[in-house]
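Asks: Position one of the sequence shown corresponds to residue 21 (the working numbering), numbered consecutively onward.
Positions of the beta carbon are idealized from the N, C-alpha and C atoms, including for glycine.
I have a structure here, written as structure tokens, and I will follow up with some questions on it.
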Amino acid sequence: MCDFCKIINKEINACVVHETEKNIAFLDYGPINEGHVLICPKVHEDSITKIPDDTLKDLLGITRKLVVAFEKKYGAKGYTIMQNGGENCDYGHFHVHVFPRYEGDGFGWVDSGKEHPYSQEVADGLKEFLI
21 MCDFCKIINK
31 EINACVVHET
41 EKNIAFLDYG
51 PINEGHVLIC
61 PKVHEDSITK
71 IPDDTLKDLL
81 GITRKLVVAF
91 EKKYGAKGYT
101 IMQNGGENCD
111 YGHFHVHVFP
121 RYEGDGFGWV
131 DSGKEHPYSQ
141 EVADGLKEFL
151 I
């Protein structure tokens, strides 16, 4: 059983911020900024493609509530939402990072430096696979 499942099953202590029937939100053990929260579905899956729609809707609602809380508690004027899925999913359990952002906080996007095509052809190629 993964650590997130253990948190969900109350076998590992976590600083829980919010919990619903479908998801649990708790503080990240290694926060980017104070208030950094992980939101985990209570179903063990590694990809957004495997998470039920109602669980994702609930998760997004929790995300919005957290952003409002960041604004009220910390005065944060920005936030970041991150998720790695499939083979890139840390711990093998789908989860979303949500944390407040501040000017000069040092967090940033890392660019690989590789050139990638940008064209309507690329967009059209993706369109045909949308479900």
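#1: Could you pull out every unbroken beta strand (DSSP E) segment of at least 3 residues lying fully inside the stretch 67-128, listed in chain order?
#2: Which residues does DSSP list as the beta-bridge partners of L58?
#3: Less than 8 angstroms between C-beta atoms, sequence neighbours within five positions excluded: which residues of the same chain meet that for N29?
#4: Could you tell me whether the stretch 58-78 touches the stretch 116-135, where touching means 3 or more Cβ pairs closer than 8 angstroms?
#5: V63 and I71: beta carbons closer than 9 angstroms?
#6: When the Cα atoms are used, what is the spatial distance from K26 to H136?
#7: Straight-line CA distance for Y122 to G145?
#8: Would E39 and A45 be called neighbours here (beta carbons separated by less than 9 angstroms)?
#9: Per DSSP, which one or two residues make a beta bridge with H38?
#10: The alpha helix (DSSP H) with G133 in it runs from where to where?
#11: Measuring CB to CB, does L109 end up less than 9 angstroms from D73?
Replies: Reading off the structure:
#1: 98-102, 116-121
#2: F46, H117
#3: M21
#4: yes
#5: yes
#6: 40 angstroms
#7: 37 angstroms
#8: yes
#9: A45
#10: Where G133 is concerned, there is no enclosing alpha helix (DSSP H), given that its DSSP letter is neither H nor E.
#11: Position check: residue 109 holds Cys in this sequence, whereas Leu was assumed. Their beta carbons are not under 9 angstroms apart, which means C109 does not touch D73 by this criterion.
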